[in-house]
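*Asks:* In terms of numbering that gives the first Met the number 0, the sequence shown opens at residue 0 and continues consecutively.
Note that CB positions come from ideal geometry on N, CA and C, so glycine has one too.
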Amino acid sequence: MASRRVQLIIALAGPPCSGKTTTAKILANKLGMKFLDTDYLVESASGCTIPEIFAEKGETVFRKLEKQELLAALKNDNSVIALGGGTLIDPDTLQLVMSQCTVFTLTAPAEVLTLRNNCERPLATNDQAFRNLLAERNRHYLNLPGRIDVSQLSPEETAQEICRLIRKEALSR
0 MASRRVQLII
10 ALAGPPCSGK
20 TTTAKILANK
30 LGMKFLDTDY
40 LVESASGCTI
50 PEIFAEKGET
60 VFRKLEKQEL
70 LAALKNDNSV
80 IALGGGTLID
90 PDTLQLVMSQ
100 CTVFTLTAPA
110 EVLTLRNNCE
120 RPLATNDQAF
130 RNLLAERNRH
140 YLNLPGRIDV
150 SQLSPEETAQ
160 EICRLIRKEA
170 LSR
């Protein structure tokens, strides 16, 4: 009897500066999966940086591009996708990701995230704007599954914790 291979898409969600991209790269490598990053995909497809898209076309156009690239990314089984900090704010996008992915949400207190911020984000060009962005989005992050507080974890440790949680879930089936 042939064994059936499980197809898995892992999505890392959470606020900016929570380590989604770095952790997703490490996790994909550990699991032998493809690494995808929605911010990188948007920049590659548009030929512009995210700050340029926001400055020249606005957030609405950026979110549309982001959703297009996410839809394409979701066609890649056995992948780890680092989502942008605001990707799951849109209810339709949230539902799409929740229906097709195993979601882990990386979290940390605002003070920790602010220390990590380089103020080069289009919606957070200074510490106060960044704190305001975090406060505005926090209610969305609180409702996401697979929450992992990364304030005391390195990206490597975070990836190890996600692997542990995946194994635990697989064993409970």
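#1: Determine whether the beta carbon atoms of residue 23 and residue 11 lie at a separation below 8 Å.
#2: Fully enclosed by the segment 53-85, which beta strand (DSSP E) runs are 3 residues long or longer?
#3: Using a threshold of 8 Å, state whether the C-beta atoms of residue 80 and residue 106 are closer than that.
#4: If we count Cβ pairs, one from each stretch, closer than 8 Å, do we get three or more for the segment 87-101 versus the segment 34-42?
#5: Could you please give the first and the last residue of the uninterrupted alpha helix (DSSP H) stretch that includes residue 174?
#6: With distance defined between alpha-carbon atoms, name the residue in 38, 135, 61, 167 nearest to residue 83.
#7: Once you ignore the five residues that flank residue 73 on each side, which residues in its own chain have a CB closer than 6 Å to its CB?
#8: Grab the span of the alpha helix (DSSP H) containing residue 114 for me, first residue to last.
#9: Going by CA-CA distance only, name the one from 28, 66, 110, 77 that's closest to residue 44.
*Replies:* Reading it off the structure:
#1: yes
#2: 78-81
#3: No, the pair does not count as a contact, with Cβ atoms beyond the cut-off.
#4: no
#5: In the structure displayed, the chain extends from 0 to 172; residue 174 sits before or after that span and is not available.
#6: 38
#7: Closer than 6 Å at the Cβ level, and outside the excluded window around residue 73, lie 99.
#8: 109-115
#9: 66
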